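The structure appears right after this line, and notes come after that.
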Amino acid sequence: MGGQPPHCLLHGHGSGVMPRMLGQIQEKNSGMFHPGGSEHTQVPIPRSNKLFPPPPHNPIILLNRNFSARLATPPCRYFPCMSSHLIRARDYPRCPLCQREGRWLYRNLTDRLCGVPGHWNIRQCTNTDCELLWLDPMPLEEELPRLYEDYYTHAPDTAPPRRLYHLFLRFTPIHRQRQRLDAFYLEDHPPGRLLEVGCGSGQRLTHLQRLGWQVQGQEIDSRIHATPGIPIHIGPLDTAPFVPQSFDAVALNHVIEHVPDPIALLATCRRFLRPGGRLVAITPNSDGDGHRAFGPDWLGLDPPRHLHVFNPRNLRVVAERAGLRDIVIETNGARSVGVALAGYRHKRFRKLRAVLFQLRARAEVCVLQATP
């Protein structure tokens with residue numbers, strides 16, 4: 006891609022700013038700290054992805070004497086995270102899919118799952134045929150591992166609560182929907198070789214093994230607690246030693262919302278599928294009842310880890326651009342159990358109402374099914 010590289014805004018508070026970085030900036034512009042406010046300077050950073058391009062204009066750095074950023078919206082900035090580290094992020098005022106201007110949907114959201122410091126904003130595409138949600142500013146790809154230091158897939162599975170959870174589900178109308186999700190909608194597909202991309206600990210693959218599948222997992226984070234008996238490749242998918250067209254199914258469970266370029270990810274998955282194979286991707290549905298009920302408290306937003314949040318319309322566009330065929334997108338409300346419990350934690354629902362909500366909620370997730 007041509008043109009000048011994007012720059013960045015440095016944002017931090019006291020010890021949240023790297024002294025070495027500040028020293029480099031001060032060498033470039035020793036007069037940048039003014040008594041009355043802030044001065045501007047620029048620091049180039051590399052572009053991070055091909056199919057979701059950054060805005061064409063160059064941003065700036067805004068710093069004042071106590072290292073607090075002024076309220077501004079340049080296309081790249083730094084956020085404090087995990088003690089003294091910084092997260093580099095780029096502004097995305099336009100929709101990554103259709104380039105339509107986005108409107109602010111939520112501002113100043115915080116990380117309620119892992120406690121990553123900082124405040125995060127979410128935009129919504131103003132194109133009614135799209136309405137993609139995305140994080141703005143968006144962390145750069147090389148910064149993403151810092152957002153997962155305390156993520157739940159890094160911990161061992163808690164078996165007793167999970168058994169009680171599934172026992173409870175057996176007595177609810179969503180039991181069948183949950184069964185389909187647990188089987189990645191492959192109950193009508195002959196068992197063969199299955200790859201789960203972003204498998205975490207690999208615990209979900211034990212169920213597929215019992216259904217007759219020969220399973221393989223892929224996970225980029227080496228800190229996961231692997232499930233015994235589940236083979237997991239640790240490392241990026243595009244460099245994994247998998248033979249093209251060697252899997253009968255490729256599954257992604259709540260993965261595509263975490264990556265900066267979901268189109269490229271699905272295209273890579275398509276390459277590993279045999280003719281007649283099936284790709285299944287499960288992702289939060291921004292058009293579902295959970296989002297309508299909880300708004301900015303909806304668990305499916307999960308800032309800053311969910312970079313994009315899809316609905317059936319824009320998810321189809323992503324799949325088509327990835328070269329997938331025979332695209333079918335369904336919705337499923339089984340995951341509303343967790344949404345209801347999260348809503349209760351955030352005091353948006355009382356306990357009884359949370360239980361009733363999980364029984365009637367619809368379309369909490371999108372389920373993409375396609376062939377290569």
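The sequence shown maps to residues 6 to 377 in our numbering.
Positions of the beta carbon are idealized from the N, C-alpha and C atoms, including for glycine.
From a predicted model like this one, the values you see are computed outputs, not experimental measurements.
Fill in: Helix, strand or coil at N337 according to DSSP, with G and I counted as helix
In the sequence shown, the residue the question calls residue 337 occupies position 332. In this structure, N337 counts as strand in the three-state DSSP scheme.
Worksheet entry | Proximity below 7 Å, CB of E201 to CB of A256 | By 1-based counting over the sequence shown, the position of residue 201 is 196. By 1-based counting over the sequence shown, the position of residue 256 is 251. Yes, the pair counts as a contact, with Cβ atoms nearer than the cut-off.
Fill in: CA-to-CA distance, L137 to H313, given in whole angstroms
By 1-based counting over the sequence shown, the position of residue 313 is 308. By 1-based counting over the sequence shown, the position of residue 137 is 132. Per the coordinates, the alpha-carbon of H313 lies some 7 Å from the alpha-carbon of L137.
Discussion item. If you follow the alpha helix (DSSP H) that T273 is in, where does it begin and where does it stop?
Written reply: As a position in the sequence shown, residue 273 is number 268, starting the count at 1. Segment 267-276, the alpha helix (DSSP H) holding T273.
Worksheet item: What is the rounded straight-line gap between the Cα of R181 and the Cα of N337?
Response: Against the sequence shown, residue 181 aligns to sequence position 176. Against the sequence shown, residue 337 aligns to sequence position 332. For R181 and N337, the distance between alpha carbons rounds to 10 Å.
Practice prompt. Check N319 in the structure and name its three-state DSSP category.
Written response: Mapped onto the sequence shown, residue 319 falls at position 314. Here N319 sits in helix by DSSP.
Worksheet item: DSSP three-state call for I225: helix, strand or coil?
Response: For the purposes of this step, residue 225 is taken as residue 220 along the sequence shown, with counting starting at 1. Reduced to three states, the DSSP call for I225 is coil.
Fill in: Close Cβ partners of F189 (< 6 Å) along its chain, the five nearest in sequence each way excluded
Residue mapping note: residue 189 aligns to position 184 of the sequence shown, counting from 1. Short of 6 Å from the beta carbon of F189, and not among the five residues preceding or following it, lie these beta carbons of its own chain, in chain order: A256, V285.
Worksheet entry | Start-to-end residues for the alpha helix (DSSP H) that takes in G120 | In the sequence shown, residue 120 corresponds to position 115, counting from 1. Premise fails: G120 is in no alpha helix (DSSP H) and is neither H nor E.
Fill in: Cα-Cα separation, L149 to T288
By 1-based counting over the sequence shown, the position of residue 149 is 144. By 1-based counting over the sequence shown, the position of residue 288 is 283. If you take the alpha carbons of L149 and T288, they lie about 19 Å apart.
Worksheet entry | Neighbourhood of R275 by C-beta, 7 Å cutoff - its chain only, sequence neighbours within 5 removed | The residue given as residue 275 occupies position 270 in the sequence shown. Residues L284, A327, G328, L329, P377 of the same chain have their beta carbon placed closer than 7 Å to that of R275, with the five preceding and five following residues left out of the count.
Discussion item. Quick check on DSSP: helix, strand or coil for Y153?
Written reply: Taking the first residue of the sequence shown as 1, we reach residue 153 at position 148. When DSSP states are grouped into helix, strand and coil, Y153 belongs to the helix group.
Worksheet entry | Extent of the continuous alpha helix (DSSP H) to which G295 belongs | Here residue 295 is taken as the residue at index 290 of the sequence shown, counted from 1. For G295, the enclosing alpha helix (DSSP H) covers residues 294-299.
Worksheet item: Hey, out of H238, G197, P196, whose CA is closest to G207's CA?
Response: Within the sequence shown, numbered from 1, the residue matching residue 207 stands at position 202. Looking from the CA of G207, the closest CA among H238, G197, P196 belongs to H238.
Worksheet entry | Check: E147 C-beta below 6 Å from any heavy atom of the ligand HEM | Questions concerning the ligand HEM fall outside what the structure shown contains, since it holds no ligand whatsoever.
Worksheet item: By DSSP, does L191 sit in helix, in strand, or in coil?
Response: For the purposes of this step, residue 191 is identified with residue 186 of the sequence shown, where counting begins at 1. DSSP places L191 in coil when its eight states are reduced to three.
Worksheet entry | C-alpha gap between G123 and E147, whole angstroms | Indexing the sequence shown from 1 puts residue 123 at position 118. Indexing the sequence shown from 1 puts residue 147 at position 142. About 18 Å.
Practice prompt. Specify, as a first and last residue, the run of the beta strand (DSSP E) that R112 falls within.
Written response: Locating residue 112 in the sequence shown gives position 107, where the first residue counts as 1. Taken as a continuous stretch (DSSP letters only), the beta strand (DSSP E) holding R112 covers 107-114.
Practice prompt. Evaluate D331 with the Cβ neighbour count: other Cβ atoms within 10 Å of its Cβ, from every protein chain shown; 16 or more gives buried, anything less gives exposed.
Written response: As a first step, residue 331 is located in the sequence shown; it is residue number 326 there, counting from the start. By the 10 Å Cβ count, D331 comes out exposed.
Worksheet item: Hey, A254 and Q223: beta-carbon distance below 7 Å or not?
Response: Working through the sequence shown from its first residue, we reach residue 254 at position 249. Working through the sequence shown from its first residue, we reach residue 223 at position 218. No, the Cβ-Cβ distance between A254 and Q223 is not below 7 Å.
Worksheet item: Span of the beta strand (DSSP E) holding R209?
Response: The count along the sequence shown starts at 1 and reaches residue 209 at position 204. Boundaries for R209: no beta strand (DSSP E) harbours it, while the alpha helix (DSSP H) harbouring it runs 208-215, taken from the DSSP string.
Worksheet item: With respect to the beta strand (DSSP E) encompassing Q250, which residues constitute its N-terminal and C-terminal limits?
Response: On the sequence shown, position 245 is the one that residue 250 refers to. For Q250, no beta strand (DSSP E) encloses it, and the DSSP letter there is neither H nor E.
Worksheet entry | the stretch 224-232 contacting the stretch 256-265, beta-carbon criterion three pairs below 8 Å | Taking 8 Å as the limit for Cβ pairs, the verdict is that the stretch 256-265 does not touch the stretch 224-232.
Item to complete: Please state whether DSSP places R183 in a helix, a strand or coil.
Response: Position 178 of the sequence shown, counted from the first residue, corresponds to residue 183. In the displayed model, R183 falls within a helix according to three-state DSSP.
Worksheet entry | Beta carbon of G217 nearer than 7 Å to that of P233 | The residue labelled residue 217 in the question sits at position 212 within the sequence shown. The residue labelled residue 233 in the question sits at position 228 within the sequence shown. No. Outside cutoff.
Worksheet item: With P309 and P101 assumed to form a contact (beta carbons below 8 Å), what rounded beta-carbon distance in angstroms separates them?
Response: What you label residue 309 is simply residue 304 of the sequence shown in a count that begins at 1. What you label residue 101 is simply residue 96 of the sequence shown in a count that begins at 1. Wrong, their Cβ atoms sit about 16 Å apart, outside the cutoff.
Worksheet item: When you compare only the Cα positions, how much space is there between V220 and R198?
Response: Looking up residue 220 in the sequence shown gives position 215. Looking up residue 198 in the sequence shown gives position 193. In this structure, the CA atom of V220 is about 6 Å from the CA atom of R198.
Worksheet entry | First through last residue of the beta strand (DSSP E) which encompasses Q374 | The residue labelled residue 374 in the question sits at position 369 within the sequence shown. From DSSP, the beta strand (DSSP E) with Q374 extends over 370-376.
Worksheet item: In the DSSP assignment, what are the bridge partners of C130?
Response: Reading the sequence shown from its first residue, position 125 is the one you call residue 130. Under DSSP, C130 forms a beta bridge with G107.
Discussion item. Along the chain, where does the beta strand (DSSP E) containing I237 start, and where does it finish?
Written reply: Locating residue 237 in the sequence shown gives position 232, where the first residue counts as 1. Counted as a single uninterrupted DSSP element, the beta strand (DSSP E) harbouring I237 occupies residues 237-239.
Fill in: Close beta carbons around D292, own chain, < 6 Å, minus the five adjacent residues each side
As a position in the sequence shown, residue 292 is number 287, starting the count at 1. Within its own chain, the residues whose Cβ lies closer than 6 Å to the Cβ of D292, once the five positions on either side in sequence are excluded, are N316, listed in chain order.
Fill in: Through-space distance from H194 to R215, alpha-carbon basis
Taking the sequence shown and counting its residues from 1, one reaches residue 215 at position 210. Taking the sequence shown and counting its residues from 1, one reaches residue 194 at position 189. Going from the Cα of R215 to the Cα of H194 covers about 14 Å.
Worksheet entry | Local conformation of R310 per DSSP, three classes | What you label residue 310 is simply residue 305 of the sequence shown in a count that begins at 1. Here DSSP, grouped into helix, strand and coil, assigns R310 to coil.
Discussion item. Measuring only the C-alpha atoms, how far is I92 from N113?
Written reply: In the sequence shown, residue 92 corresponds to position 87, counting from 1. In the sequence shown, residue 113 corresponds to position 108, counting from 1. Whole-angstrom Cα-Cα distance: 16 Å.
Discussion item. Using a Cβ-Cβ cutoff of less than 6 Å, which residues in the same chain neighbour V333 once the five nearest sequence positions on both sides are dropped?
Written reply: Here residue 333 refers to the residue found at position 328 of the sequence shown. The beta carbon of V333 sits closer than 6 Å to the beta carbons of Q374 from its chain, once the five residues preceding and following it are set aside; these are given in chain order.
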